[in-house]
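**Student:** Questions regarding the structure given below will be posed in turn.
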Amino acid sequence: MLRIAIPKGRLFEETVELFLKRGIIEEKLEEGRRLSLRVGDFEFLLVKPFDVPVYVENGVADLGVVGKDVLLETKPDLYTLHDLGIGFCRIVVAGKEESREKYAKSSYLRVATKYPRITQEFFAEKGIKCKVIPLSGSVELAPLIGLSDFIVDLVQTGRTLKENNLVVIEEITTSTAMLVSNRASYRNMRKEILQLVLKFSYG
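Under numbering that gives the first Met the number 0, the first residue of the sequence shown carries the number 0, and numbering increases by one thereafter.
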């Protein structure tokens, strides 16, 4: 039995729909209080998005569904097997409309984010000194109250930015959901894992 860690929240519904569409499961999973569900030949662990690679890397789960944004931020020791093509988002620098000129001309910026590694690497490549202010939520508030000049965040529709009078200043990269594998599981259960990957590849 393959054990698969899947993310709760934003990606959950899309992941379940994809598994149903590809014939991997025959009944819909419900995101409720139960955090472990057995369906057919699989056991699904429902965990927070940033915890998916932790479960897989440590061998508690054989496979996981995780956003590319999480992989770029955490750089876990895993195999990335397949881009599932769901959960499309953009990782962007955002700020107030009137701060565009500051962004273009400044050599030092304060940036609030849930993605400190991605942020640091991005601005280092641009040759801009950056003070990263790590936040776990409500990142959009930071430039509004003067905590930071800009934010780096994951954007799907852009509605939250708009509601907080923020605009996208620059796109860093895009993110979709990836199927990842524990290295030992891939060696020991290669046949079962590859059969699953083929279902995603050819439907």
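Beta carbons are placed, not taken as given, at the ideal position from N, Cα and C, and that holds for glycine. Please read all numbers here as calculations on a predicted model, not as lab measurements.
1. Considering Cα atoms alone, identify which of Ile192, Arg33, Arg2, Glu139 is closest to Val59.
2. From Gly39 to Arg182, what distance separates their C-alpha atoms?
3. Can Val138 and Thr118 be called in contact, C-beta distance under 7 Å?
4. How would you label Thr14, buried or exposed, when you count the other beta carbons within 10 angstroms and need 16 or more for buried?
5. Starting from the C-beta of Phe49, find all residues in its chain whose C-beta is less than 6 Å away, skip the five residues before and the five after it, and write them out in chain order.
6. In whole angstroms, give me the CA-to-CA distance for Leu83 and Asp152.
7. Give the list of continuous beta strand (DSSP E) stretches no shorter than 3 residues that lie fully inside the region 108 to 157.
8. Run through the region 13 to 93 for me and flag every whole beta strand (DSSP E) of 3 or more residues, listed as ranges in chain order.
9. Closer than 7 Å by C-beta to Ser106: which residues in its own chain qualify, once you throw out the five before and the five after it? Chain order, please.
10. Hey, is the region 160 to 175 in contact with the region 83 to 95, meaning 3+ C-beta pairs nearer than 8 Å?
**Tutor:** Let me spell this out:
1. Arg2
2. 24 Å
3. Going by C-beta atoms, Val138 is not nearer than 7 Å to Thr118.
4. buried
5. Val69
6. 21 Å
7. 128 to 133, 149 to 154
8. 35 to 38, 41 to 46, 62 to 66, 78 to 82, all fully within the region 13 to 93.
9. Ile127, Lys128
10. With a cut-off of 8 Å, the region 83 to 95 and the region 160 to 175 count as touching, because enough Cβ pairs lie within range.
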